[in-house]
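Visitor: The structure is given below, and queries will be raised subsequently.
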Amino acid sequence: MRYSIFSLARQALHRHRGWGPAWRDAEPAEAGYDVVIVGGGGHGLATAYYLARVHGLTRVAVIEKGWIGGGNAGRNTTIIRSNYGLPGNEPFYEFSMKLWEGLERELNYNAMVSQRGVLNLYHSDPQRDAYARRGNAMRLHGADAELLDRDGVRAMVPFLDFENARFPVQGGLLQRRGGTARHDAVVWGYARAASALGVDIIQNCELTGFLTDASGAVTGVETTRGPIRAGKVGLAVAGNSSRAVALAGLTLPIESHVLQAFVSEGLKPVIPGVVTFGAGHFYISQSDKGGLVFGGDIDGYNSYAQRGNLPVVEDVCEGGMAVMPMIGRARILRSWGGIADMSMDGSPIIDASPLPGLWLNAGWCYGGFKATPASGYCFAHLLATETPHETATAFRLDRFRTGRLIDEKGVGAQPNLH
Amino acid sequence: MAEPLILHPVDRPGIATVMARKGVAPGTLNAALGLSLPDGPGAAFAGSRTAIATGPGTWLVLDDHAGADFAGRLAETLAGIAAVSDQSGSYLVHALSGPAARALLQRGLAIDLHPDAFGPGSAAISQIAHIGAVLWQVDDAPTYRIAVWRSYAESFRHWVEVTAVSLDEADQGG
Amino acid sequence: MRIPCPFCGSRDSREFVHRGDAGPARPADGADAEAMFDYVYQRANPAGLIREHWYHAQGCRNWIVVERDTRSHAVSGGAWPGPAR
Amino acid sequence: MTRRATGGLIDRATPLHFTFDGRALSGFAGDTLASALVANGVRLIGRSFKYHRPRGILTAGSEEPNALVTLRTGAAAEPNTRATTVELFDGLAARSQNRWPSLRFDALAVNQLFAPLFVAGFYYKTFMWPAAFWEKLYEPLIRRAAGLGALSMEPDPDAYDHAHAFCDLLVIGGGPAGLAAALTAGRAGLRVVLANDDPRAGGRLLAENAVVDDVPGHEWAGTAIAELAGMANVRVLARTAVIGVYDGCEYAAVERVADHLPSPVSGQPRQRLWKIVATRAILATGATERPLVFGGNDRPGVMTASAVSTYVNRFAALPGRRAVVTTTSDSGWQTALDLVKAGVTVVAIVDPRRIAPTHHAVTTLIRSGTEIMLGARISDVFGSPVRKVEVVKSNGQVRRLACDLVAMAGGWNPAIGLGGHLGARPQWSAEKHCFLLDEAPPGLAAAGAAAGKFSLGKALADGVAQAVEVCAALGRDCPPPHFAGHDEPADGTPFWHNATPLAMRGKAFVDFQHDVTDSDVALAAREGFTSVEHMKRYTTLGMATDQGRLSQLNGHALLAAATGRAIAEVGTILSRAPWQPVAIGVMAGAHRGAHFRPERRTAGHDWAAEQGATFVDAGLWKRAQWFARPGESDWLETVNREVTMTRQGVGICDVSTLGKIDLMGPDAAVLLDRLYINTMSTLPIGKARYGVMLREDGFVMDDGTVTRLGDEHFYVTTTTANAARVMQHLDFARQVLWPELDVQACSVTENWSTYAVAGPRSRALLAAALPGCDVADAALPYMAATTLRWNGGPLRLARLSFSGELAYEVSVPAQHGDVLVRHLFATGRAFDVVPYGTEALGVMRIEKGHPAGNELNGTTTAADLGLGRMMSRKKDYVGRTMAGREGLTDPARPALVGLVPVDRTSRIRAGGHLLPPGAAATAASDEGYVTSAAYSPTLGHPIALALLANGPSRHGEHVIVHDPVRGADVEAQVCPPVFLDPEGTRLRG
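So this is what it looks like as structure tokens:
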């Protein structure tokens with residue numbers, strides 16, 4: 001049933017008894033699939049959706065070890081932006097931003113894409129120049145970017161600590177088209193739209209191995225619900241990429257790290273968009289429900305535990321109090337941790353794996369949410385055509401061998417510094 | 001009754017890092033230094049001299065009455081068995097004592113200072129309020145000495161002052 | 001999290017810098033690029049026990065090897081890197 | 001007033017005055033805000049999140065979802081404060097929230113009319129057209145309606161601090177089990193910390209008419225806590241909630257130091273975060289009573305039974321005069337008895353179970369005229385506040401009973417949230433009808449009601465038993481004490497849902513604060529959101545400020561019923577830190593404002609300040625940026641003067657912040673050769689050499705100088721920014737990579753105050769300042785170094801130049817740094833010496849084309865920076881192999897060039913991108929970017945350094961510096977990066 005105010009009103013008259021499941025909870029098909037996507041998060045479901053809609057492939061399954069959206073898709077801080085500086089990254093994230101801008105009409109699902117702006121504060125001259133470089137790169141790629149001075153920032157967010165700060169705010173890089181989207185809704189919207197196009201979404205189905213032929217090519221997956229044959233297998237398992245490829249005997253230039261995030265009790269709206277502190281680890285936005293949603297740096301050690309430790313909690317709150325001391329009496333309601341697949345240069349991989357039949361979508365670090373639409377689109381393009389999408393040509397696995405790295409932060413092969 | 005908390009800077013004319021050469025046992029250095037170097041975390045005292053173990057084979061040696069060029073003279077004495085770096089300018093040493101000293105330090109230090117765990121002769125390198133610190137206990141008063149890098153001294157003093165004011169009755173007994 | 005420093009004893013993890021997989025040895029002089037590529041980029045990332053390098057930056061300034069379970073963060077030991085000192 | 005004439009644990013001698021929504025009210029010391037409101041007959045406290053329904057007080061604890069108020073005023077205002085946890089103080093001011101214009105008449109209560117539309121997830125299905133309306137119309141409306149309280153928007157006026165504690169045993173909770181455990185372990189000599197959320201010890205003993213060891217429970221608790229407080233090995237933390245469990249047996253607890261006071265005592269924090277490392281911990285957090293799900297269960301006047309008992313017994317406040325008690329557990333009967341004893345008419349007790357408990361309450365209730373309705377259930381509640389309830393009796397007969405209070409007892413959920421913080425999933429107990437800890441975090445065990453031991457006697461015994469177990473594990477002899485408590489009936493049969501057809505009744509709430517009803521759960525199940533996590537996210541059940549402590553199990557039971565599964569199969573959601581909402585301020589502690597991070601000051605800081613320096617942050621360091629003189633109109637004029645006077649005469653700059661490392665030992669030279677791309681082992685004693693080190697991935701890590709002070713002694717400098725990183729790298733090299741090398745290293749950054757003395761007259765100045773030191777070119781040529789005695793200590797003098805001038809670096813131990821800088825300037829007055837800051841330093845290094853932070857940005861190679869020639873081919877070094885990758889040796893890589901604006905008055909800014917003249921401003925034309933830019937007073941025009949594709953082969957070409965975020969494009973000519981004296985005649989002068 002199409003979602004609209006009219007169908008909602010009609011259903012209200014019938015006590016909402018007419019709504020069916022948003023997506024089909026499918027069983028694995030005996031006949032197998034053209035493509036099996038491992039990972040029912042935003043990236044995996046988006047990939048399946050675009051395979052079906054753009055490339056007409058409908059013998060597609062998404063297998064998910066738990067419940068869809070239960071990994072990083074449901075554990076992020078919902079920020080969307082395309083404020084990258086390097087030519088390998090910016091076209092892709094700007095493409096993603098354009099897909100976000102039409103997503104709700106495309107999926108017939110309100111994912112609450114809210115372009116209330118992303119403001120990165122700077123606190124020194126070198127940081128200003130680095131942000132200018134990035135803003136200029138964004139403009140060259142057709143994205144929007146503005147460099148605000150202190151007064152410009154003050155006009156937007158007057159409640160920052162402008163008077164007493166250890167590292168005074170000098171200005172900020174603003175992307176007005178940046179903002180947030182409701183993370184769970186993105187998952188459910190893609191799932192519903194993909195399911196409607198015939199994609200099988202198979203929950204509680206965990207990858208346990210790969211089916212291979214005599215040549216070693218991957219021909220399907222072994223799962224907790226039995227073997228599933230597939231023409232191609234695409235991995236979109238975020239923080240579990242290393243574990244998944246290990247089942248095929250591969251190693252990736254990736255480490256899994258935990259990133260914590262926090263939400264406060266509901267408050268009347270105060271934070272207009274997304275604000276990031278440039279002299280510490282803190283970023284914040286406010287959800288439509290009123291919760292301050294904030295976070296900071298990764299904990300910094302390899303982890304699959306989906307939770308972090310106290311030093312980062314303190315560090316994040318120190319950052320928050322340093323930049324906006326009016327949040328001191330707001331209470332943290334809940335914290336959570338997601339497992340980020342930190343790559344060795346901080347940028348993703350959308351590429352063939354060394355094994356025929358196995359394809360990779362990995363290395364999203366802690367920034368995979370904003371990439372969801374383009375990641376799905378480009379991975380679907382790669383799976384369907386076996387050539388990279390024009391906006392994702394740099395996301396090669398072999399770049400670590402060739403040295404054609406995409407290192408936005410310039411910290412090198414130390415994943416916890418990206 | 002004793003003052004609950006006394007903080008004062010300690011004049012330390014001589015401070016040096018002493019690092020044993022590879023394969024040289026700590027005991028080898030004792031005679032030249034005039035004290036028995038602790039082989040694990042801890043402090044040793046002899047006359048005006050204090051040695052704090054800061055790592056395996058590494059000590060911070062302080063001397064209240066060192067003459068000029070303490071480090072240079074140590075280097076000569078220890079030639080061939082240890083390397084010596086002058087640190088006379090690196091640290092400001094504070095003495096903190098009184099019944100509330102322990103409570104104050106535990107506001108910032110994630111090391112157990114309970115008498116069962118840390119007593120006279122105990123030492124640790126850690127951080128207090130984002131500031132690196134070398135800390136050792138001198139007596140049961142208790143008296144602690146805290147060496148912080150000179151550049152941080154202002155911020156350290158500020159933290160101590162603010163924290164000292166925040167201590168309440170429950171903290172007086174340490 | 002507490003990290004067992006072989007010199008300082010059990011310490012708060014915030015005194016340390018984490019580097020990761022302590023498994024691979026730096027290829028000897030003259031090794032080929034592939035060996036160096038493996039050393040620099042192909043580091044172990046298991047869901048389970050890992051031996052990893054931590055640096056006691058706010059303590060004794062020594063690199064140590066810590067054995068830890070990445071699923072539970074349970075730390076089962078701290079030791080010096082390489083042969084015993 | 002509904003205060004009982006006597007009784008209660010309040011201090012009637014200390015009346016306190018407070019206001020609620022401006023109305024003057026009074027209570028007593030010992031009251032909570034909630035109990036005082038009850039005692040004043042205030043029943044409407046707040047409005048719910050979505051429907052803005054009127055709400056009263058539901059509970060008496062931190063799980064309260066309804067009675068949220070904004071406490072205090074002005075900058076100290078605390079939104080969303082649970083009235084049930086606020087200790088009353090004189091002058092307290094509280095306001096209701098989420099209502100406009102008033103609590104009694106709330107315009108947004110109109111939302112209730114749209115309730116048929118506003119079902120779970122309705123917003124996902126609408127508000128999509130037209131696209132632009134989301135940000136402009138729909139979202140602002142939703143945002144304004146949502147949220148609860150409002151922040152003051154002023155900086156938090158209070159202070160916070162942190163403290164560490166270490167103990168053998170942390171007891172979490174000061175109820176009967178916790179006190180029993182703490183007494184047992186404390187008497188056995190263990191180091192114990194008892195953290196009790198409540199200001200007063202006793203837990204349920206304060207709320208119930210219980211007896212322990214033949215004395216009233218609250219008296220026993222008072223004696224127990226006094227004994228504990230008297231033990232040197234026990235620390236009692238009242239008003240302290242443990243809010244998180246972390247790895248390594250670390251617990252976070254928040255002590256509300258001053259929340260019970262009108263304002264904190266001067267100098268004292270408002271709250272304190274305790275970080276407690278405990279070998280063992282006992283979770284004695286008790287249990288939370290479940291509400292029942294029936295129509296109108298959210299109306300003001302409907303309370304949990306345990307809350308009713310608490311208000312009646314502990315606070316002597318009567319929440320009503322005519323009560324109906326509905327219970328599925330024996331404890332509800334006790335509440336009915338408490339009410340009767342307090343003189344409240346209990347109209348009926350409605351128990352869906354068909355058999356009455358063997359409870360001593362039964363006879364008393366019958367005698368007092370209470371109608372016992374077994375097998376019955378409440379189907380609806382009327383009135384706001386409650387006026388009557390509708391009961392469906394076991395025979396199907398419907399009765400309406402007039403009352404003003406409904407107490408509901410749905411059974412008990414052990415408060416085990418903390419036990420799930422490390423990821424262990426609680427398991428369903430079919431026997432106890434609740435989730436219990438199956439496995440717990442290492443070292444932690446539940447005791448008492450938190451372990452499903454609901455009767456008082458069992459809870460006390462369990463507290464002792466758990467403590468004995470801890471003592472045994474820690475090798476401590478421990479004679480177990482016995483505390484006698486009554487084993488009252490504590491059975492119950494869950495009754496998850498009153499399935500009265502929806503048409504017949506009002507909304508039945510599962511999550512009160514978030515307005516999630518039973519039909520929302522059913523809808524979620526219909527739409528396929530059948531995982532508990534999906535249901536939570538789709539309906540928002542369990543996401544309110546109680547984190548589902550009241551709602552979750554009821555919701556999951558309903559979901560289980562709707563999907564034909566058992567509760568054990570549906571499972572539950574893990575609680576996540578913090579267990580109770582906790583202020584951001586307390587987690588930050590003292591590190592805020594100007595003290596967010598410590599400041600590092602050089603020894604010459606005070607001197608620079610006296611000279612009128614403006615300081616700039618360089619990491620944590622404060623560095624003099626420039627030294628303005630009276631009459632100078634702006635910083636540029638100042639900096640130009642500093643540069644010009646240095647280049648023409650002599651200037652002095654404090655460069656003490658550079659990283660400095662002493663590297664010693666027989667193998668020091670070997671190690672340096674392996675760390676630097678160039679060779680250091682050939683360096684003669686008394687000479688310095690510029691060096692570059694790479695990361696192992698082949699990119700430049702840092703640069704600096706190496707000076708050989710002795711055969712086995714090298715002095716290494718790093719950039720200010722990379723000092724710590726280089727030290728760490730060096731330690732890795734000598735401790736991990738090549739432990740066989742005999743090398744000793746330590747940071748001496750702090751030990752040496754270093755001043756650069758630069759300019760043609762620098763030699764003359766030093767000759768005058770350091771009499772007896774031969775500074776002639778022959779004695780101290782370029783890149784030579786020497787040590788001499790000065791002021792009773794060593795002085796290191798090196799002929800190094802960052803400025804390109806004849807220049808020296810003078811270093812003394814930092815305790816002499818202030819003396820030295822004053823001496824140099826006193827001597828230098830005759831030479832017209834000028835102090836210069838980091839800005840002039842930067843200008844001069846750009847004029848000389850030296851790479852610095854902006855060029856050493858982690859993505860450049862030595863070749864990019866024009867330093868490729870330095871890369872030795874004769875030896876291995878860190879980064880050599882990876883630097884040979886095609887991506888790092890591509891000749892088209894952007895490499896360092898100089899830029900000069902074609903129109904010499906145009907300013908070039910760092911961060912501008914480089915485009916070919918005439919090319920479209922698109923990414924395809926992007927050829928590089930400006931790294932550093934400055935106005936060169938020496939040359940009289942702006943200059944810049946840039947990384948440009950094929951740069952070194954393009955000298956003389958023109959490029960466009962494209963800087964749309966700051967202004968217009970500037971055409972520039974490409975030139976070599978060294979703008980001044982490329983032959984180096986000046987520095988060798």
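Residue numbers (the UniProt record's numbering), protein chains in the order written: chain U, 1 to 418; chain Z, 1 to 174; chain A, 1 to 85; chain X, 1 to 989. Using N, Cα and C, we set each Cβ at its ideal position, and we do this for glycine too. Every value quoted in this text rests on a predicted model; they were computed, and no experiment measured them.
#1: So, for A371 (chain U): in the same chain, excluding its five sequence neighbours on each side, which residues have a beta-carbon less than 8 Å away from its beta-carbon?
#2: Starting from the C-beta of A26 (chain U), find all residues in its chain whose C-beta is less than 6 Å away, skip the five residues before and the five after it, and write them out in chain order.
#3: Examine chain Z for any beta-carbon lying closer than 8 Å to the beta-carbon of R61 (chain A), and answer yes or no.
#4: Please report how far the alpha carbon of residue 1016 (chain X) lies from the alpha carbon of A29 (chain X), in whole angstroms.
#5: Nearest chain A C-beta to F596 (chain X) closer than 8 Å, yes or no?
#6: Taking only beta-carbon atoms, is N309 (chain U) less than 8 Å away from chain X?
#7: Counting only Cβ-Cβ distances shorter than 9 Å, please list the residues of the segment 23-54 of chain A near chain U, keeping chain order.
#8: Report the three-state DSSP secondary structure of I142 (chain X) (helix, strand or coil).
#9: So what does R49 (chain Z) bridge to, in DSSP terms?
#10: What do you reckon, are the CB atoms on A68 (chain Z) and G792 (chain X) nearer than 8 Å?
#11: Per DSSP, which one or two residues make a beta bridge with N361 (chain U)?
#12: Compute the distance between the beta-carbons of residue 419 (chain U) and V245 (chain U), then report whether it is under 8 Å.
#13: Taking Cβ-Cβ distances shorter than 9 Å, what residues in chain U pair up with E439 (chain X)?
#14: List, in order along the chain, the chain A residues whose C-beta lies closer than 8 Å to that of T749 (chain X)?
#15: Would you mind sorting residue 1002 (chain X) into buried or exposed? The rule is 16 or more other CB atoms within 10 Å of its CB.
#16: Output, in sequence order along the chain, the residues in the segment 249-280 of chain U whose CB is closer than 7 Å to any CB in chain A.
#17: From the DSSP secondary-structure annotation, give me the bridge partner or partners of S96 (chain X).
#18: Tell whether a beta-carbon distance below 8 Å holds between K409 (chain U) and L417 (chain U).
#19: Can you give me the Cβ contacts of E146 (chain U) inside the same chain, cut-off strictly under 6 Å, excluding the 5 residues immediately before and after it?
#20: Would you mind stating whether C5 (chain A) and A124 (chain Z) have Cβ atoms separated by less than 8 Å?
#21: With 7 Å as the limit, tell me which residues of the segment 160-191 of chain U have their beta carbon closer than that to any beta carbon of chain A; keep them in chain order.
#22: Any Cβ of chain X within less than 8 Å of the Cβ of H8 (chain Z)?
#23: Express the C-alpha separation of A25 (chain A) and E52 (chain A) in angstroms, rounding to a whole number.
#24: Report yes or no: do three or more beta-carbon pairs, one from the segment 89-96 of chain X and one from the segment 182-190 of chain X, lie closer than 8 Å?
#25: Are the CB atoms of V726 (chain X) and A659 (chain X) within a distance shorter than 8 Å?
#26: Is the beta carbon of V270 (chain U) less than 8 Å from the beta carbon of W359 (chain U)?
#27: What number of angstroms, rounded off, separates the C-alpha of A132 (chain X) from the C-alpha of F979 (chain X)?
#28: In the DSSP output, which residue or residues are listed as bridge partners for E809 (chain X)?
Guide: According to the structure data:
#1: Taking the first sequence and counting its residues from 1, one reaches residue 371 (chain U) at position 371. Around A371 (chain U): H43, F92, Y93, S96, P348, W364.
#2: For the purposes of this step, residue 26 (chain U) is taken as residue 26 along the first sequence, with counting starting at 1. For A26 (chain U), where only same-chain residues beyond five positions count, the Cβ hits under 6 Å are D200, I201, I202.
#3: Within the third sequence, numbered from 1, the residue matching residue 61 (chain A) stands at position 61. Yes, contact with chain Z.
#4: Outside the displayed span of chain X (1 to 989) sits residue 1016 (chain X), for which this structure offers no information.
#5: Here residue 596 (chain X) corresponds to residue number 596 of the fourth sequence, with the count starting at 1. With 8 Å as the cut-off, F596 (chain X) does not count as an interface residue toward chain A.
#6: By one-based count along the first sequence, residue 309 (chain U) stands at place 309. Interface residue, yes.
#7: A33, E34, F37, D38, V40, Y41, Q42, R43, A44, N45, P46, A47, G48, I50, E52, W54
#8: In the fourth sequence, the residue the question calls residue 142 (chain X) occupies position 142. Residue state, collapsed to three classes: helix.
#9: Sequence index remark: in the second sequence, residue 49 (chain Z) carries index 49 (1-based). Z:A46, Z:D63.
#10: For the purposes of this step, residue 68 (chain Z) is identified with residue 68 of the second sequence, where counting begins at 1. For the purposes of this step, residue 792 (chain X) is identified with residue 792 of the fourth sequence, where counting begins at 1. Yes.
#11: By one-based count along the first sequence, residue 361 (chain U) stands at place 361. Note: N361 (chain U) sits in a beta bridge opposite U:I350.
#12: Here chain U comprises residues numbered 1 to 418, so residue 419 (chain U) is not present and cannot be evaluated.
#13: As a working mapping, residue 439 (chain X) is identified with position 439 in the fourth sequence. Residues of chain U passing the Cβ test: none, with the nearest at roughly 14 Å.
#14: Along the fourth sequence, read from residue 1 onward, the residue named residue 749 (chain X) stands at position 749. What T749 (chain X) touches in chain A: nothing, since even the nearest Cβ is about 13 Å away.
#15: Nothing can be reported for residue 1002 (chain X), as the shown portion of chain X is limited to 1 through 989.
#16: T251, P253, I254, E255, S256
#17: The count along the fourth sequence starts at 1 and reaches residue 96 (chain X) at position 96. X:V69.
#18: Your numbering for residue 409 (chain U) matches position 409 in the first sequence. Your numbering for residue 417 (chain U) matches position 417 in the first sequence. The answer is yes: Cβ separation under 8 Å.
#19: On the first sequence, residue 146 (chain U) is found 146 positions in, with the first residue counted as 1. Closer than 6 Å at Cβ, skipping near neighbours: L174.
#20: One-based indexing of the third sequence puts residue 5 (chain A) at position 5. One-based indexing of the second sequence puts residue 124 (chain Z) at position 124. Not closer than 8 Å, so no.
#21: none
#22: In the second sequence, counting from the first residue as 1, residue 8 (chain Z) sits at position 8. Output row for H8 (chain Z): interface = no.
#23: Mapped onto the third sequence, residue 52 (chain A) falls at position 52. Mapped onto the third sequence, residue 25 (chain A) falls at position 25. Going by the C-alpha atoms only, they are around 12 Å apart.
#24: no
#25: The count along the fourth sequence starts at 1 and reaches residue 659 (chain X) at position 659. The count along the fourth sequence starts at 1 and reaches residue 726 (chain X) at position 726. What sits at residue 659 (chain X) in the sequence shown is Gly, not Ala. Yes. Within cutoff.
#26: One-based indexing of the first sequence puts residue 270 (chain U) at position 270. One-based indexing of the first sequence puts residue 359 (chain U) at position 359. In this structure, W359 (chain U) does not lie closer than 8 Å to V270 (chain U) by Cβ.
#27: As a first step, residue 132 (chain X) must be located in the fourth sequence, where it is residue number 132. As a first step, residue 979 (chain X) must be located in the fourth sequence, where it is residue number 979. Those two C-alpha atoms are separated by around 53 Å.
#28: The residue given as residue 809 (chain X) occupies position 809 in the fourth sequence. According to DSSP, which records beta bridges pairwise, E809 (chain X) is partnered with X:A756, X:A798.
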